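Here's the structure we're looking at; comments come further down.
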Amino acid sequence: MTGDPARASLLRELEAFYRREVLLLQDRRYGEWLQTMDSAVSYRVPVTTSTLDGLVTREDELGYYDEDFTLLKARVAKLESKMSWVEHPPSRLRYFVQVVDARHEEDGVIVARSNLLLLQYRWNMEQQFSGERTDTLVALDDDFRIRSRRVVLDRQAVGKQGLSVFF
Amino acid sequence: MSKTENVKNAGNPVRTPMPPLVRQDAQIGSVALSQLISPDGSSVSRRLFVDEALYRLEQERIFARCWLYLGHESALAENGSFFTTTMGEDPVIVVRDKTGRLRSFLNSCSHRGAKVCRADSGTTTLFRCPYHAWTYNTEGELASVPRMGPAYANSLDRSELGLREVPHVDSFRGMIFGSWGSEAPSLREYLGDMAFYLELMLSRMEGGTEAIGGVHKWTIDVNWKIPSENFAGDHYHVPSTHGAGVQMGYRSPLTNNGYCIQTGNGHSIGSERGGAQQGTAVQTEYAGFMQRMRSELVAKHGEAAEAFVPIGVGTLFPNMSFLDSARFRAFRVWHPRGVDKIEVHSWCVVDKALPPELKTAVRRQYSLAFGPGGIFEQDDGDIWQSVQDAMRGYIGRQGRFNYQMGLGRETPTAERYGPPFPGSCSDILMTEANQRAFYRHYATLMADPDDR
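Going down the list, the protein sequences come from chains P and D.
Residues 47 to 213 in my numbering are what the first sequence lists, from first letter to last.
Residues 9 to 460 in my numbering are what the second sequence lists, from first letter to last.
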């Protein structure tokens, strides 16, 4: 892979994109974060179900998040309210996006997978999330837009009240 | 003791079906009821939410006796379909057996107690214990035991060693309930007059309802009664707790126009006129659908019936709550996990006959507002956790919570809405009558048997 300059360049650009996104999410600059999304975005974090064959996710099942752009915008508007108690005082968030891999798809989009680790410290609790992210990205001249994001969390149930973070 | 009491109403004594007054001379274990709940239920000791001994007695006197919600029939489509849940803290398997009958069993091997099923849901013909491989069929019978000859000399009576079965399992309009109570009334009797309102919620369209997309599960560090009583009748919290949801337009500001209805057996509903979650942001076609259902109900029961589509937010005693709102319908159970913790199981329930794309839109509306990260749910959970946290200390667990709001305003629901509508209600939405009814019923069940 080191012999493929186009691929190395794509990974560098993606890592720069994720670096900017992590900083927006950590600072809870959600209005700007929304601008990284394509207006036709599908943003899904499906629930995982324990079956006799192990943990599974299904496309037609409930999600922790199951959003289009309008619903994401509604969530952001809620979190930005002065009466959004779950984030008063705001959490400290630390995002780690690693093991980024990507490939070009035939229709000009890029599919990127990465590991996500998120540590959250809220006034009354702390918790961590880990999972696998799969993004479909549209390339612009010198930037990307997220067309779809699917994050499968490693945990089976959310361990604490008031899920108030994006993945 | 009489199931009704006299309530003054404009000078005329009328009878409303409130649960009995709390007997101040009775005991719950070592504690006098007078120290816990006032006669009318308008003040409740903080001990109820933190006392380990009371919690243990609740497991026996409430969770091992009452009818508890287990899940929706739509989750058990074929013979052999099962899901696992708990009744109080007791783990159970709920299964459609090979003849199609709904049954429930303690999820614990009769030999040495290990869980015989480790999955949330699935389809099977057998439950095999991983400890020593005792194997049960979907009827709960012990179907096989390894080394029956060499180890047991074929002398083990398998017919005596089935899974412990929940003696009463029944369903109402798709809702499956179970009860361990030896003297349990029928499910229909247990639901009592609340069945009338459940019928309104569950029989809007031909074909009934279904739970779509599986189960949301999460935990909240709070005693189970705090969310149960909140859904029973706490509308007063909406403007503050859910101020953010109002500001961003998901929900219009709360008015005091509506009802809180209790039916005398701990069950309650309450709704703002037109239903909760009316708002301008992120609309779907569901509003139009509900309007059609409203017209149908008015044609059947008259103009006053307009208030009952949707029926509102409610609690079926002890720990099943629902949210039949202007945007979606959710069911949930607050499973106790110790005195200071619950595991929430939550479902989106739709009418089967809705078009598929509307079902998806409704599912997303539910998740946006009341999934684990719901813009309403997240503030409820955060605040409830702080209620519990503030009662950890020696001082914090002293004193009482106040439930005086709307005291004495109850009248029979039929007086306001016409003859078919049972229970009692008040003339305004914001009252704590339903919480008082909840704790009065709780006291009746919890009082020592000799004192009941």
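Heads up, the beta-carbon is just placed ideally off N, CA and C, and yes, glycines get one too.
Please read all numbers here as calculations on a predicted model, not as lab measurements.
**Study point:** Distance between beta carbons of ARG191(P) and ARG159(P), contact taken as under 8 Å
**Key:** The residue given as residue 159(P) occupies position 113 in the first sequence. The residue given as residue 191(P) occupies position 145 in the first sequence. That pair is no contact at about 17 Å.
**Study point:** Short CB-CB distance (under 8 Å) between PRO28(D) and chain P
**Key:** Counting from one through the second sequence, the residue named residue 28(D) turns up at place 20. Not closer than 8 Å to any Cβ of chain P, the Cβ of PRO28(D) fails to qualify, so no.
Point to revise | Runs of beta strand (DSSP E) lying entirely within the stretch 107-147 of chain P, each at least 3 residues, in chain order | key: 109-113
**Study point:** SER3(D) in three-state terms, based on DSSP
**Key:** Residue 3(D) falls outside the range modelled here, since chain D spans only 9 to 460, and no answer is possible.
Review point. At least one CB of chain D closer than 8 Å to the CB of ARG121(P): is that the case?
Key: As a first step, residue 121(P) is located in the first sequence; it is residue number 75 there, counting from the start. By this cut-off, ARG121(P) is an interface position.
Practice item. Would you verify that the beta carbon of TRP79(P) is, or is not, closer than 8 Å to some beta carbon of chain D? Key: Mapped onto the first sequence, residue 79(P) falls at position 33. Not closer than 8 Å to any Cβ of chain D, the Cβ of TRP79(P) fails to qualify, so no.
Check your understanding: Which residues in the same chain as ARG181(D) place their Cβ atom closer than 8 Å to its Cβ, once the five residues preceding and following it in sequence are excluded?
Key -> For the purposes of this step, residue 181(D) is identified with residue 173 of the second sequence, where counting begins at 1. Within the same chain, ARG181(D) has close Cβ partners LEU206, GLU207, LEU210, SER211, GLY216 and THR217.
Point to revise | Beta-ladder partner(s) of HIS353(D), from DSSP | key: Here residue 353(D) is taken as the residue at index 345 of the second sequence, counted from 1. According to DSSP, HIS353(D) bridges with LYS225(D) and VAL341(D).
Point to revise | Contacts around ASP332(D), its chain only, beta-carbon distance under 7 Å, and the 5 residues preceding and following it disregarded | key: Position 324 of the second sequence, counted from the start, is the residue given in the question as residue 332(D). The beta carbon of ASP332(D) lies closer than 7 Å to those of MET209, PRO318, ILE319 and GLY320 in the same chain, with the five residues before and after it left out.
Practice item. Could you check if LEU41(D) is buried or exposed, using at least 16 other CB atoms within 10 Å of its CB as the buried criterion? Key: Within the second sequence, numbered from 1, the residue matching residue 41(D) stands at position 33. Classified as buried, LEU41(D) has 16 or more neighbouring CB atoms from the shown chains inside 10 Å of its CB.
Check your understanding: Does GLU107(P) have its Cβ less than 8 Å from a Cβ in chain D?
Key -> Position 61 of the first sequence, counting from 1, holds the residue named residue 107(P). Taking Cβ atoms only, chain D reaches closer than 8 Å to GLU107(P), which makes this a yes.
Exercise for review: Return the residue from the list GLY200(D), GLN443(D) and SER118(D) that minimises the CA-CA distance to GLY414(D).
Suggested key: For the purposes of this step, residue 414(D) is taken as the residue at position 406 of the second sequence. Checking every option, the nearest Cα to that of GLY414(D) belongs to GLN443(D).
Review point. Which class does VAL254(D) belong to by DSSP, given the choice of helix, strand or coil?
Key: As a first step, residue 254(D) is located in the second sequence; it is residue number 246 there, counting from the start. Correct three-state label for VAL254(D): helix.
Point to revise | Contact residues within the stretch 84-106 of chain D, judged by C-beta distance below 8 Å to chain P | key: none
Practice item. Using a Cβ cut-off of 7 Å, pull out every chain P residue sitting near PRO380(D), in sequence order please. Key: Translated into the one-based positions of the second sequence, residue 380(D) becomes position 372. Under the 7 Å cutoff, chain P gives TYR110, VAL204 and LEU209.
Exercise for review: Please compile the residues from chain D whose C-beta is within a distance smaller than 7 Å of the C-beta of ASN161(P).
Suggested key: For this step, residue 161(P) is matched to residue 115 along the first sequence. Those within 7 Å of ASN161(P) in chain D number zero; the least Cβ separation is about 21 Å.
Exercise for review: Check the DSSP bridge columns for THR143(D) and list the partner residues they point to.
Suggested key: Walking along the second sequence from the start, residue 143(D) turns up at place 135. Residue pairing by DSSP places THR143(D) opposite ARG136(D) and SER152(D) in a beta bridge.
Review point. Are the stretch 100-113 of chain D and the stretch 162-178 of chain D in contact at 8 Å, needing three or more beta carbon pairs?
Key: With a cut-off of 8 Å, the stretch 162-178 of chain D and the stretch 100-113 of chain D count as touching, because enough Cβ pairs lie within range.
Exercise for review: For my contact list, TYR141(P) and GLN81(P) are in at a C-beta cut-off of 8 Å; report their separation, rounded to the angstrom.
Suggested key: Indexing the first sequence from 1 puts residue 141(P) at position 95. Indexing the first sequence from 1 puts residue 81(P) at position 35. Contact flag wrong, Cβ pair sits at about 18 Å.
Check your understanding: For the stretch 248-317 of chain D, which segments carrying the beta strand (DSSP E) assignment without a break, of at least 3 residues, lie completely within its bounds, in sequence order?
Key -> 266-270 and 276-280
Review point. At least one CB of chain P closer than 8 Å to the CB of HIS80(D): is that the case?
Key: Within the second sequence, the letter at position 72 stands for residue 80(D). Any Cβ of chain P closer than 8 Å to the Cβ of HIS80(D) would place that residue at the interface, and such an atom is absent.
Check your understanding: Among ALA54(P), TYR110(P) and LEU98(P), which has the Cα closest to the Cα of SER89(D)?
Key -> Working through the second sequence from its first residue, we reach residue 89(D) at position 81. When each option's Cα is compared against that of SER89(D), the closest is LEU98(P).
Exercise for review: Report yes or no: is there a C-beta of chain P within less than 8 Å of the C-beta of GLY130(D)?
Suggested key: Locating residue 130(D) in the second sequence gives position 122, where the first residue counts as 1. Cβ-Cβ to chain P under 8 Å: yes for GLY130(D).
Practice item. Leaving out five residues on either side along the sequence, give the residues of the same chain with a beta carbon under 7 Å from the beta carbon of ASP112(P). Key: Mapped onto the first sequence, residue 112(P) falls at position 66. Contacts found: ARG90.
Check your understanding: What are the boundary residues of the alpha helix (DSSP H) that includes TYR447(D)?
Key -> By one-based count along the second sequence, residue 447(D) stands at place 439. From DSSP, the alpha helix (DSSP H) with TYR447(D) extends over 441-454.
Practice item. Count the other C-beta atoms from every protein chain shown that fall within 10 angstroms of the C-beta of ALA18(D), then say buried if there are 16 or more, exposed otherwise. Key: Within the second sequence, numbered from 1, the residue matching residue 18(D) stands at position 10. Its pLDDT being 40, under 50, ALA18(D) is placed unreliably by the model, and nothing is read from it.
**Study point:** For ASN87(D), the nearest candidate out of ALA122(D), GLY130(D) and GLU68(D) (CA to CA)
**Key:** By one-based count along the second sequence, residue 87(D) stands at place 79. The shortest C-alpha separation from ASN87(D) is found at GLY130(D).
Practice item. Kindly indicate the opening and closing residues of the beta strand (DSSP E) around PHE185(D). Key: Here residue 185(D) refers to the residue found at position 177 when the second sequence is read from its first residue. In the DSSP assignment, PHE185(D) falls within the beta strand (DSSP E) that extends over 183-187.
Check your understanding: Buried or exposed: which applies to TYR110(P), given that a residue is buried once 16 or more other Cβ atoms fall within 10 Å of its Cβ?
Key -> Translated into the one-based positions of the first sequence, residue 110(P) becomes position 64. It counts as buried.
Check your understanding: In terms of residues, what are the limits of the beta strand (DSSP E) holding PHE63(P)?
Key -> Indexing the first sequence from 1 puts residue 63(P) at position 17. PHE63(P) -> not in any beta strand (DSSP E); alpha helix (DSSP H) instead, spanning 51-72.
Review point. Chain P beta carbons: is any one of them nearer than 8 Å to that of ALA18(D)?
Key: The sequence position of residue 18(D) within the second sequence is 10, counting from 1. For ALA18(D), the pLDDT reaches just 40, beneath the cut-off of 50, and the residue's location in the model is therefore unreliable, although a value from the coordinates is still provided. For ALA18(D), the answer is no, since every Cβ of chain P falls outside 8 Å of its Cβ.
Exercise for review: List in chain order: all unbroken alpha helix (DSSP H) runs of 4+ residues lying wholly within the stretch 58-124 of chain D.
Suggested key: 60-66
Check your understanding: Does any CB atom of chain D fall closer than 8 Å to the CB of MET129(P)?
Key -> Taking the first residue of the first sequence as position 1, residue 129(P) is located at position 83. Yes, contact with chain D.
Check your understanding: Run through DSSP, which three-state label would GLN166(P) get?
Key -> Along the first sequence, read from residue 1 onward, the residue named residue 166(P) stands at position 120. Three-state DSSP puts GLN166(P) in a strand.
Exercise for review: Throw me the rounded Cβ distance for the VAL211(P) and LEU101(P) pair, which I believe falls under 8 Å.
Suggested key: As a first step, residue 211(P) is located in the first sequence; it is residue number 165 there, counting from the start. As a first step, residue 101(P) is located in the first sequence; it is residue number 55 there, counting from the start. Their Cβ separation, rounded to whole angstroms, is 21 Å, which puts VAL211(P) and LEU101(P) out of contact at 8 Å.
Check your understanding: So, helix, strand or coil for ALA185(P), using DSSP?
Key -> Against the first sequence, residue 185(P) aligns to sequence position 139. ALA185(P) sits in a strand when the DSSP states are folded into three classes.
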